[in-house]
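Mind the numbering: the sequence shown is residues -27 to -1, 1 to 118 in mature numbering (1 follows the signal peptide of the UniProt record, and there is no 0), read in order. For reference, the structure discussed in these notes is given below.
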Amino acid sequence: MPLPRIAVVVVPFVIFLVLTTPDYVSARFTTVQIEALGRACHASAADLAVAKAYQVPTTQSGKCLMKCMINKLKLLNIDGTYNKKGVELALKQYWPEWPLDKILLINSKCFDESKRVPLAKAATCDYAYEVMACINTQAKELNIL
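In structure tokens, the structure reads:
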């Protein structure tokens, strides 16, 4: 029994939408996802614009935005310290085009750097900024961001 004409048109269109809609694409952390996280974290328009450009905001409100976002993404442990396993999983999930060896290198370097920060500074906006700045800097140095 042949498919109804509507199914022949609708099914490929739905597949196209699913494959091209950022919420369903498992690649680079999209600006749509950043925007949604930013709204959930009550980001200012200026800080959100910086984050959507794959940069790390340096204002105090931007640093607190980073803290909120990376907490939601489980890049920090409950005590606010660097979550090495969480960072690895997030980088693999949101940046699958990055080579695994570079993901592991970034994670290792930033974890080591995070251990040099006094524990009293963990769970602060400044600490979250340092974590994100490290990841961002390392990715740029490795020419993958």
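Glycine residues also receive a C-beta, built at the ideal position from the N, C-alpha and C atoms. Please read all numbers here as calculations on a predicted model, not as lab measurements.
Host alpha helix (DSSP H) of phenylalanine 84 (start-end): Segment 73 to 88, the alpha helix (DSSP H) holding phenylalanine 84.
Alpha-carbon spacing of arginine 1 relative to isoleucine 51, whole angstroms: Computed Cα separation, rounded: 26 Å.
Residues near serine 17 in its chain [Cβ-Cβ closer than 6 Å; skip 5 each side]: For serine 17, where only same-chain residues beyond five positions count, the Cβ hits under 6 Å are Ser34.
Sequence-distant residues of its chain with Cβ nearer than 6 Å to alanine 95 (five each side left out): Once the five neighbours on either side are set aside, the close Cβ partners of alanine 95 are Gly53 and Thr54.
Own chain, CB closer than 6 Å to tryptophan 71, minus 5 neighbours either side, in chain order: Closer than 6 Å at Cβ, skipping near neighbours: Ile117.
Beta bridge counterpart(s) of tyrosine 55 as assigned by DSSP: Beta-bridge annotation (DSSP): tyrosine 55 is paired with Leu49.
Beta-carbon gap between aspartate 20 and leucine 38 smaller than 8 Å: Result yes, Cβ atoms of aspartate 20 and leucine 38 sit closer than 8 Å.
Inter-residue CB distance, alanine 101 and isoleucine 43 (contact presumed, cutoff 8 Å): 6 Å between Cβ atoms; contact.
Coarse secondary structure for threonine 110, derived from DSSP in three states: In the structure shown, threonine 110 sits in a helix (DSSP, three-state: H, G or I).
Buried or exposed by the 16-neighbour rule on C-beta atoms within 10 Å, applied to alanine 63: The residue in question, alanine 63, is buried, as its Cβ has 16 or more Cβ neighbours within 10 Å.
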